[in-house]
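Using the working numbering, the letters of the sequence shown correspond one by one to residues 112 to 291.
Just so you know, even glycine gets a beta-carbon here, dropped at the ideal spot from N, CA and C.
Contents: one structure, followed by commentary.
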Amino acid sequence: MGKGTIASRLVAEDDRLSLSRSWTTRAPRAGEHGDEYVFVTREAFEAAIDDGFFLEWAQFQGNLYGTPRPDPHVVRDVLLEIEVQGAEQVRREHPDAAIFLVLAPSMEQLEQRLRGRGDGDEHVQRRLASTPSELARGRALADYVIINDDLERATRQILSILEGLRRSPRTPSTKETTHG
Ligand code: 5GP
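Written out as structure tokens, the structure is:
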């Protein structure tokens with residue numbers, strides 16, 4: 112869902128969170144002004160991979176996306192909004208990371224959201240076709256599954272889970288599904 116609404120809401124409402132700014136080789140969409148991502152060429156991205164610049168990176172729908180390694184001096188919790196392959200890498204490097212799978216309430220709603228932001232037919236069809244296998248991997252990986260049927264509630268739920276985690280950090284067996 113891109114650097115979406117939930118992530119922006121979370122950082123706006125929780126001043127202990129800092130949103131990571133990803134690099135991508137995809138072109139900016141209409142309406143994106145350049146602060147959503149660092150938009151780079153494939154050459155620049157590949158050079159950064161070779162330099163060990165990324166905490167994780169993945170190819171998604173033909174484009175590369177990656178999270179710069181966070182500045183070790185940042186004291187806030189770092190929020191990544193990323194797809195499943197990247198989250199799997201984060202899990203390997205940071206077993207204590209809290210991973211949330213945020214789901215559209217239905218495939219119909221997912222389709223509407225993709226179309227609503229102006230994605231073309233072919234892109235929407237490719238995204239929808241790849242969703243079932245991503246879902247299976249995401250469910251296997253995630254500590255919390257959030258159904259995004261109400262943005263405000265989904266945001267609140269994540270914030271309250273984060274509160275709880277700060278009080279008592281995650282144990283590996285925790286897995287919950289929550290309707291937002
Ligand atoms: P979009 O092109 O719609 O902005 O993003 C496509 C997918 O890439 C989304 O699922 C988004 O969460 C994911 N994504 C965005 N940034 C990163 C990143 O840095 N790493 C990974 N692995 N995925 C990302």
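query = Would you say Phe171 touches the ligand 5GP, meaning its beta carbon is less than 6 Å from a heavy atom?
reply = What you label residue 171 is simply residue 60 of the sequence shown in a count that begins at 1. Yes - the ligand 5GP has a heavy atom lying nearer than 6 Å to the Cβ of Phe171.
Beta-carbon proximity list for Asp146, same chain, < 8 Å, skipping 5 on both sides = As a first step, residue 146 must be located in the sequence shown, where it is residue number 35. If we look at Asp146 and ignore the five residues flanking it on each side, its Cβ neighbours are Arg132.
query = What are the uninterrupted segments assigned as beta strand (DSSP E) that are 3 or more residues long and contained completely in the stretch 157 to 242, given in chain order?
reply = Those beta strand (DSSP E) runs which fall completely within the stretch 157 to 242 and span 3+ residues are 165 to 171, 174 to 179, 188 to 190 and 211 to 214.
Spatial neighbours of Arg248 in its chain, beta-carbon cut-off 6 Å, leaving aside the 5 residues before and after = Residue numbering aside, residue 248 sits at position 137 when the sequence shown is read from its first letter. Close CB contacts of Arg248 within its chain, under the 6 Å cut and outside five residues either way in sequence, are with Val195 (chain order).
message = Can you determine whether any heavy atom of the ligand 5GP sits closer than 6 Å to the C-beta of Arg250, and answer yes or no?
response = Here residue 250 is taken as the residue at index 139 of the sequence shown, counted from 1. Incorrect: Arg250 has no Cβ contact closer than 6 Å to the ligand 5GP.
Arg127 - DSSP class collapsed to helix/strand/coil = Residue mapping note: residue 127 aligns to position 16 of the sequence shown, counting from 1. Coil at Arg127, not helix or strand.
query = Can we count Arg137 as close to the ligand 5GP, meaning its CB is less than 6 Å from some heavy atom?
reply = Residue 137 sits at position 26 when you count from the first residue of the sequence shown. Within the cutoff, so yes.
task = Ignore the nearest five residues each way along the sequence and tell me which others in Leu190's own chain have a CB closer than 8 Å to its CB.
result = Stepping through the sequence shown from its first residue, residue 190 is reached at position 79. Counting only residues of its own chain and dropping the five nearest sequence neighbours on each side, Leu190 has a CB closer than 8 Å to the CB of Ala118, Leu121, Val122, Leu128, Ser129, Leu130 and Ser131.
inquiry  = Quick check on Gln292: buried or exposed, where buried means 16 or more other Cβ atoms within 10 Å of its Cβ?
reply    = The displayed coordinates of the chain run from 112 to 291. Any statement about residue 292 would go beyond what the structure contains.
query = Considering Glu263, what are the terminal residues of the alpha helix (DSSP H) in which it resides?
reply = Within the sequence shown, residue 263 is the residue found at index 152, counting from 1. Start and end: Leu262 to Arg278.
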